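Reviewing the structure listed below.
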Amino acid sequence: MRAPDDKTAPDLSLGIPGADLGEGKPLLGDVAGDPVVLVRDNGRVYAVGASCTHYGGALAQGIVANGQICCPLHHARFALATGEVERSPALSPLTCWNVEQVEGKVYVRAQRPAAAPRQTHADGPASVVIVGGGAAGHAAAETLRQEGYAGPVTLVSADRSEPYDRPNLSKDYLAGTAPEEWIPLRPADHYKNLDITLLVGSPVAKVHVASHLVELGDGRSLPFGALLLATGAQPINLDVPGVDRPFVFALRTWADSKRIQEAARVARDAVVVGASFIGLEAAAALRARGIRVTVVTPEARPMERLFGPAVADFLRRQHEQHGVAFRFGSRPAAIGHRTVTLSTGEDLPADLVVVGIGVRPATDLAEQAGLQVDRGILVDAQLETSAPGIFAAGDVARFPDPVSGERIRIEHWVVAQRQGALAAQNMLGRKRRLSIVPFFWSQHYDVALRYVGHAERWDEVRIDGDLDRLDARIEYLAAGRCLAVATINRDHESLAAELAFERQGVPGTSQ
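Numbering-wise (this note's numbering), the sequence shown opens with residue 31 and increments by one.
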């Protein structure tokens, strides 16, 4: 995607005074109609594409650090020297241009050819099997090839679709504003080109640890030298009479989102059960389609445990201003013919019901294999399970938190991607420890919410700015130490907070 046009952007092929290019300050320009960002970092000058390859974020508004340019939108990072992706969620590299400095001026010349693939090598396990085609599994498969691993890689997924952009399923795609072609992470021939065997619609029946075999549901067996369990999480089912009616849906897979869209074409009234991110994003998407929406939740506020009362009340106001009705302190008691009966006795009209009451880690395979499991698959700081050579990553992995020392499990897309990449590197003997600063984003109408860090408990919340003006930074502190930062329409500050947490090694005092 091209960056937004800027009529004042200079033609970099004609040159600019070198003095106009500040250290670490991206400058947006143009070369033969292509938007380009010019960057001086540690005295060297680089020219790269101006749009993040994830969702087209404006890199000129990002941050330059450690030889990288970082996108303020969803925190992808790229190497300035090569354009290569250094951090997800971006998957594809940036285009790079040649730069010349002549008599105090900086000129951007022709595009450089794409970097050559890394030389393949025979190091590592005899073969790798990855169970799960979500964020972690997909990232692991691609990272193995990016790291030069030449052995067989098999990605096995129970989902019938090739790996896709799950976060969009409850956002623009459900609202009908994201086209179908945005959803697959890669073109159909991509996996063949990387020599990755992709088995979709292939549930795994059992993992045989001693014999290093994965047994598929159809009876086939796959040998592995190293194994990654990236089985993710499964939606918690609603246990009430009538939940099996055809207009009641969970929202986890691409197929789920398609079915909800089909039902939404004729629906007039929808009930969303649960005020989670999935529930609230689905509510916003359905309102964008003109459907009347009621959100039912046993809580007093939406997502108060994550954000605290002030932000929770703000999110409630945002949804109410867009026509969403809430029924707090209530649960569905039964689902009838086009109605939902609540525990309070109220009947709500419903042509469509979306259930978003949380997920549970999919640990069945790990339990059957005898791996250590406790509210997730237990892994060490290198994401290795209790069985050598078997790793776990993503929503299913419960890992040691370097901040609290406790084991935690995080259900965020970017965290899963970065864990999948780390697991792949450690399969190849890199011995890298987990040091990821968690990050997620959520969109509610025109509210762009970013969250970095991890704060399961806090004793103080500091708000800078004005929530209702959609301009705020929210810090979550425990004993004076900042554990997490949420921002509303302050994308640059969100990215800066992530980088600050990384520099500190652990979250530090509020700054």
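For glycine and all other residues, C-beta sits at the position ideal for the given N, C-alpha and C. All figures in this text were calculated on a predicted structure; none of them were measured in a lab.
- In the DSSP annotation of this structure, the continuous segment of the alpha helix (DSSP H) that includes W443 starts and ends at 443-457.
- In this structure, the beta-carbon distance from G386 to V303 falls below 8 Å.
- For D521, the uninterrupted alpha helix (DSSP H) segment begins and ends at 521-534.
- When DSSP reads this structure, E505 sits in a beta bridge with R492, V515.
- Proximity of the stretch 518-530 to the stretch 465-478 meets the contact definition, three or more beta-carbon pairs being nearer than 8 Å.
- Of all alpha-carbon atoms in Q348, I290, P362, L204, the one lying nearest the alpha-carbon of A318 is that of L204.
- Residue pairing of V302 in beta bridges, as defined by DSSP: V325, V384.
- Comparing C-alpha distances from G73 to each of R462, G48, D64 shows the shortest one belongs to G48.
- Contact between P391 and A263 holds: their C-beta atoms lie close to 5 Å from each other, under 8 Å.
- Judged by DSSP secondary structure, G366 falls within the beta strand (DSSP E) whose first and last residues are 362-366.
- Partner residues in the beta bridge of A95, as assigned by DSSP, are Q98.
- Separation of the CB atoms of G272 and A364 is rounded to 5 Å, and the pair is thereby assigned contact status at 8 Å.
- By the Cβ neighbour-count rule, L44 is exposed, with fewer than 16 other Cβ atoms within 10 Å of its own.
- Secondary structure of N223 (DSSP, three-state): helix.
- The way I'd put it, the stretch 444-463 does touch the stretch 161-173; three or more beta-carbon pairs between them come closer than 8 Å.
- DSSP, read as helix, strand or coil, puts F254 in coil.
- Rounded to the nearest angstrom, the gap between the Cα atoms of W284 and P214 is 10 Å.
- For V389, the enclosing beta strand (DSSP E) begins and ends at 389-391.
- Of the other Cβ atoms in all chains shown, 16 or more fall within 10 Å of the Cβ of V78; this residue is therefore buried.
- Ranking V383, D248, G54 by CA distance to the CA of R298 puts V383 first.
- Taking the Cα positions, H442 is about 10 Å away from R448.
- When rounded, the separation of the alpha-carbon atoms in V234 and G86 is 36 Å.
- By DSSP's assignment, C126 forms a beta bridge with V78.
- If you draw a straight line from the Cα of T125 to the Cα of R142, it is about 7 Å long.
- Looking at the DSSP output, G483 sits in a beta bridge with A514.
- For the set D195, A208, W212, G164, the Cα lying nearest the Cα of D189 is the one of G164.
- V158 sits away from V244, with the two beta carbons spaced by 8 Å or more.
- Here DSSP, grouped into helix, strand and coil, assigns Q176 to helix.
- Annotation note: the stretch 399-426 contains the following uninterrupted beta strand (DSSP E) runs of length 3 or greater, listed N- to C-terminal: 420-422.
- Between A423 and L252 the beta-carbon gap is near 19 Å, outside 8 Å, which marks them as no contact.
- Of all alpha-carbon atoms in E436, L479, Q412, the one lying nearest the alpha-carbon of D404 is that of E436.
- Across the structure, E133 and D64 are spaced so that their CA atoms are roughly 25 Å apart.
- Residue range 64-71 is occupied by the beta strand (DSSP E) that includes P65.
- Counting C-beta pairs closer than 8 Å gives fewer than three between the stretch 355-362 and the stretch 276-291, which falls short of the contact rule.
- DSSP places G167 within a helical segment (H, G or I) once states are collapsed to three.
- A Cβ-Cβ distance of about 19 Å is found for the pair A485 and G495, leaving them out of contact under the 8 Å criterion.
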